[in-house]
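Here's the structure we're looking at; comments come further down.
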Amino acid sequence: MFLPRIRRSFAAGSVLLFTLACTPTFLSAQIETPSPQPDAQSAPRPRIGVALSGGGALGLAHIGVLEWMEQNHIPIDRIAGTSMGSIIGAIYATGMSAAEMHAYAVKIDWNQVLRAEPRYNELSYRRKQDRRSYQLAAELGLKHGIAGPNGLNPGQGVELFLDRIALPYSTISSFDDLPTPFRCVATDMASGEEVVFKDGSLAQSLRASMAIPGVFTPVQMNGRVLADGGLVDNLPTGIAREMGADVVIGVDLGAPPVAAQELQSLTGVLTRAVSIMIAANERRSMPLANSLILLDPGKFSISDYSKVEQLIKLGYDGANAKADELKRYAVSDAEWGQYLAERGARKLPRPTREDAIEVTGTTQKPVISRLENTLGGPLDLDRVDRILNVVTGEGQFDRLGYEGFVRKGVPGLRVVAHEKSYAPPFLDLAVNVDGSGVAAFNFSAGARVTFTNVEHHGGEWRNDLILGSSDLAATEFYQPLANTRFFVAPYAFISKMARNAFTGQTRVAVFGEEHAGGGFDLGYSFGRRDELRFGYQIFSGRLTPLIGSTGLPTLSGSNGEFRTRYVWDNQDNPAIPRIGTRLIATASRVLQSPGLHHPLDQLEVQTSTFIPTGPKTSLFFSADAGTTFHGTATPFQVFALGGPFRLGAYLPYEFVGNDYAYAALGFRREFYTLPQLAGRKVYWGGWYEAGSAFMNSDSLVVRGSANAGVIADTILGPVAIFGSISPTGQSRVNFSVGRLF
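Numbering that gives the first Met the number 0 applies: residue 0 is where the sequence shown begins, and numbers increase by one.
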């Protein structure tokens, strides 16, 4: 249980749920520094407290301040922090020296810590399928009507990062028992009150203190919904003084300058409004400090986690600028040695074993059993992180964390699960656009509803609906068999799409291609990366001319085939990978189709590989091929080339045949980072394609397409615009929203 001290602040309705809610103040006012009381030789030295403000990545500057204080033998007897200041303060409070913190911070993969969910290659195979097919970055649920999470980032990476820091101190009764007594601040989002943590779960207290509204999901503790403490007390000097500090040193991170153009958008205005509100609560806190270190972030921003060394230097230089004032609190070498010895004696070692396992926060017995069976024995936190990320990647939980406990002298690990409040069922959305101008424009939008844990553990009922230039209604029931990796998957579908018809290289008509049918698959899941299926599919097909030459025949009839399909996917991103390979191999034996007199065998293999050549650049290679062996494919089984990323200088279905081969070689290079609410990265790239679809070897003609353009990984999915030109002069400007590679 935590025992918070509460102060009334501002009305909850004034809290802006926006991503930069912990932005530090822009104040640069100077505070008159009271002189310390003269020390009598017999009097104990004054207790020194430090208050660290919030400010996102700028908070890394606190490490530099602490490092300067250590080098100048200024002891820290109490420490309080808010938001990022609470995290830096807690790392110091748990016994790490500032020099050790410096080395630790440089090694941290901050992109991984701040990731919204486990990495793509840590997701389960079926969740990977969802991310590829429905790339709109807005997972919703239908548990209580259509709803989503109350933050963009559930904080799985942050959870594991904080749990690792707090693990040795999971069983302490008070934060006063840490090597350095510690406090942190959060905001009660219902009442607008300040909540000060002095005991309970250290990791969850920190998670609440840095839960930026709108970015990170709030933390629910003891009936409260808690978020970033910067909203009420971004510089907790008063708290440090209430902890018994005789001298308080405040560290204010300042704020980057605001350019006029930043106030021309809604985002910029809201950001600035929150910054001004936080400035008000800092004005109340500054007079409570005996010394105030005011940092000037200059060109640095609250998202510059990659600039660890520069930010630490910013803090070091800021403290050094106050050297004359701060050195009054320095102690002798003997006193410093005694201080370090006393602090070190309070430091607890990290547990080395986990001989008992508990799981709380969920009633899912298969998940509980799985975690109890995979954890235990010698404690390897990297392994624990991997296991919890994999389970989180199955989609049932916002996040999974852990803490230590001891029962009857036996050390244990308690896994703390946080089930999603809004799902299952899950609702995934997609928008797909591609074309080369009005004459070749396709737009579709759709949704996938997935019911999980149907009938038995692992059972899923997946339902798709897509409308637009292409229509699809599909349903599949996926059920693992007993406790094995084998599964069955009956499915049904209805689809309709437009299909070009050409005479030579002249488009003469557009057909409507309709399918209605279903099938049954028996499969085996090898794990997160690959799956094998074998099954039979039957559908009624129809090709009807919609636009173009009159008198073209309508083709319809039943189609049935046995099909084996293997998929391997170890790429690191479903939209624009940096590294990894994806392979799809499909073998079919067609038993019936309009105009087919004998069974037809087909094989198709599609691959794409990305190889990084630097931190921002990757080469990629694609190679696809399909064959009908010695048979003749019917219109429902022909292979086709043409269109974006399938010979971009030509239209879709411009080339069809019994056989085809296609290859592409190119690169993509990152050149811009999008705002957090807009997406991730923007890339430019170029690639060359060559391929042919042909009815027989006599008609084999290899065609090429050179392409160059821009690809952005946005909240709508990958967005691409690029120009394509063939060696023979055909050219197009292609655009696409949705799956590319």
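C-beta atoms are modelled at their ideal positions from N, C-alpha and C, and glycine is treated no differently. The model shown is predicted, which means the values in this text are computed figures rather than measured ones.
Inter-residue Cα distance where the pair is residue i and residue j
i	j	result
N431	S469	10 Å
S607	S621	4 Å
N572	E669	14 Å
L26	A278	The predicted position of L26 is uncertain, since its pLDDT is 33 and thus under 50; a value taken from the coordinates is nonetheless stated next. Rounded to the nearest angstrom, the two C-alpha atoms are 7 Å apart.
I292	E66	14 Å
G656	T391	44 Å
S300	W109	15 Å
S775	I537	Residue coverage of the chain in this structure runs from 0 to 740, which leaves residue 775 outside it and unanswerable.
E512	R645	20 Å
V589	G540	14 Å
L113	V307	15 Å
Y315	H72	14 Å
I724	P611	26 Å
K106	F486	42 Å
G716	R130	9 Å
A50	L252	11 Å
D175	L135	46 Å
P726	Y661	16 Å
E334	P614	47 Å
Contacts around residue i, its chain only, beta-carbon distance under 6 Å, and the 5 residues preceding and following it disregarded
i	result
S85	C183, L205, S208
E653	F501, G641
A663	S621, W686, E688
D433	N441, P643, S735
G94	P178, K346
L317	Note on identity: in this sequence residue 317 is Gly, with Leu being the wrong assignment. If we look at G317 and ignore the five residues flanking it on each side, its Cβ neighbours are I292, L294.
A473	D463, F492
T626	L602, D658
A439	L650
S435	R731, N733
S494	L471, H514
Span of the alpha helix (DSSP H) around residue i
i	result
I87	83 to 92
R369	364 to 373
I311	307 to 319
T236	236 to 241
L380	380 to 391
D529	Counting along the chain, D529 falls outside any alpha helix (DSSP H), though it belongs to the beta strand (DSSP E) covering 529 to 547.
R342	332 to 344
D323	322 to 325
Close-in-space but distant-in-sequence residues of the same chain around residue i (CB under 7 Å, 5 per side omitted)
i	result
S34	Residue placement at S34 is poorly supported in this model, since its pLDDT is 44, which falls under 50; the coordinates are not used for a value here.
G243	R46, R77
A692	F638, A639, L640, F654, V655, G656, Y659
Y133	D427, L428, A429, R447
I145	L139, L426
Delimiting residues of the beta strand (DSSP E) encompassing residue i
i	result
H101	Here H101 belongs to no beta strand (DSSP E); instead the alpha helix (DSSP H) covers 97 to 106.
P484	The displayed chain sequence assigns Arg, not Pro, to residue 484. R484 -> no beta strand (DSSP E), and no H or E assigned at all.
Y565	554 to 568
H61	It is not in any beta strand (DSSP E) - H61 instead sits in the alpha helix (DSSP H) that spans 60 to 70.
G55	Premise fails: G55 is in no beta strand (DSSP E) and is neither H nor E.
P717	716 to 724
G708	702 to 713
Q741	Because the chain is modelled from 0 through 740, residue 741 falls outside the range shown and cannot be assessed.
R447	440 to 451
V430	425 to 434
Sequence-distant residues of its chain with Cβ nearer than 8 Å to residue i (five each side left out)
i	result
Y338	P74, V330
V509	A497, R498, N499, A500, P544, L545, I546, G547
L673	R679, K680, V681, A711, D712, T713
I386	L370, T373, L374
S730	A648, G722, S723, I724
E530	Y124, G522, Y523, S524, Y565, V566
Proximity test, residue i beta-carbon vs the ligand GTP heavy atom, cut-off 6 Å
i	result
N110	Absence of the ligand GTP from the depicted structure is noted, as is the absence of any ligand whatsoever, leaving it without description.
inquiry  = Quick check for students: name the residue ranges of the beta strand (DSSP E) that lie wholly in the region 190 to 222, counting only runs of 3 or more.
reply    = 193 to 196, 213 to 215, 218 to 220
task = Answer yes if the region 381 to 393 comes into contact with the region 212 to 219, meaning at least three C-beta pairs across the two stretches below 8 Å, and no otherwise.
result = no
ask   = Can you give, in chain order, each stretch of the beta strand (DSSP E) that sits fully within the region 462 to 521 and has at least 3 residues?
value = 470 to 479, 485 to 502
message = Please give me, in chain order, every unbroken run of the alpha helix (DSSP H) with length at least 4 that falls completely inside the region 110 to 183.
response = 124 to 132, 155 to 165
ask   = Quick one: any contact between the region 235 to 253 and the region 115 to 125, if contact means 3 or more CB pairs under 8 Å?
value = no
query = Looking at C-beta atoms only, is the number of pairs between the region 132 to 143 and the region 362 to 373 that lie closer than 8 Å three or more?
reply = no
Whole runs of the beta strand (DSSP E) within the region 608 to 680, excluding any shorter than 3 residues = 616 to 626, 638 to 640, 654 to 656, 658 to 672
message = Using a Cβ distance threshold of 8 Å, determine whether the region 388 to 407 contacts the region 151 to 168, with at least three qualifying pairs required.
response = yes
message = Between the region 488 to 497 and the region 513 to 529, can you find at least three pairs of beta-carbon atoms closer than 8 Å?
response = yes
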